[in-house]
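Number 616 in the numbering used here belongs to position 181 of the sequence shown; there are no gaps in the numbering.
Every residue gets a Cβ at the ideal spot worked out from N, C-alpha and C, and that includes glycine.
Remember, it's a predicted structure, so these values are computed and weren't measured experimentally.
Working notes, beginning with the structure itself.
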Amino acid sequence: SITLASGASVNDVVDIVAYGTFVLADHYTKTASDARYVNVAGDTMTGNLNVNGTVTSDGLTVDGGSSSPTHLFTGSRAGTLVSIDNESTSTSYGLLTNTASVSANSYPLWVTSNDVSRLTVGGNGDISFYEDTGTTAKFFWDAADERLGLGTTSPTGELHLKGTNQAFRIEDTVSGNLQFGQWDGSNNMVQSSGRPFKLMTTDAQPITLFTNGTERMRIDSSGNVGIGTDSPSAAIHSYRATNGNTLKVEA
436 SITLASGASV NDVVDIVAYG TFVLADHYTK TASDARYVNV AGDTMTGNLN
486 VNGTVTSDGL TVDGGSSSPT HLFTGSRAGT LVSIDNESTS TSYGLLTNTA
536 SVSANSYPLW VTSNDVSRLT VGGNGDISFY EDTGTTAKFF WDAADERLGL
586 GTTSPTGELH LKGTNQAFRI EDTVSGNLQF GQWDGSNNMV QSSGRPFKLM
636 TTDAQPITLF TNGTERMRID SSGNVGIGTD SPSAAIHSYR ATNGNTLKVE
686 A
């Protein structure tokens, strides 16, 4: 048995050095297969360690030291992972990460492979997915402005696509696709294939075409076509304010 000296209080530390079989007061003898058995040899711990009950007022605290980044749990065996299994059938949380700072430079979640960044979640809520080298975020969620960037970490619209000769493509699983972009390196283009291309409005709104910031042509809701006028009064209505031809047919 172990008797503490007078004046000992809760949370005092008792150092025990034992050789051979160490028997506790409740007649429990450690065995290597028991979950309560932890063998310490130098800096290496083997066996299983179960932590039950209240360790501190807010759970188990593990301090990884002052190095950055701090590795709290590491494993050298192939397939090593940290598994968090919540077997409750009620609504519950499986993993909660938190940092005291809300700085964009703090990362409550940082996923790497081969020491290369794959995913980061910033303290301010920004989310970044990285390309193969792990140096540049190519898929970025701006939490403050609620915008998504593809190829940019500074999206200026709800969806911002940026790159060299980029295109946005919509493809049907059966046939046909529609593509928007600058894939030829010279033009802004809309391309349709596999199906007819339809440009339409579904209510009494016109279709208009502009150049240099000025309307040049309009199809109004009744089907009249206006060239140089925004109020066509005939099936084809062409107008030019200065003298010159308004309609020319040449063979």
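query                                                                                                           : result
Spatial neighbours of W618 in its chain, beta-carbon cut-off 6 Å, leaving aside the 5 residues before and after : N600, A602
I654 versus S628 - alpha carbon distance                                                                        : 24 Å
Touching by the beta-carbon criterion (3+ pairs, under 8 Å), the region 652-669 and the region 630-644          : yes
For W545, three-class secondary structure by DSSP                                                               : strand
Residue from A669, R630, S673 with nearest C-alpha to R651                                                      : S673
K597 versus F615, R512, D580, residue with shortest Cα-Cα distance                                              : F615
Same chain, Cβ closer than 7 Å to D613, five either side skipped, listed in chain order                         : Per the sequence shown, residue 613 should be read as Leu rather than Asp. I605, S627.
Three-way DSSP call (helix, strand, coil) for D461 in this model                                                : For D461, the pLDDT reaches just 46, beneath the cut-off of 50, and the residue's location in the model is therefore unreliable, although a value from the coordinates is still provided. Three-state result, D461: coil.
Beta-carbon proximity of N659 to A670, cut-off 7 Å                                                              : yes
Cα-Cα separation between G560 and I519, rounded to whole angstroms                                              : 23 Å
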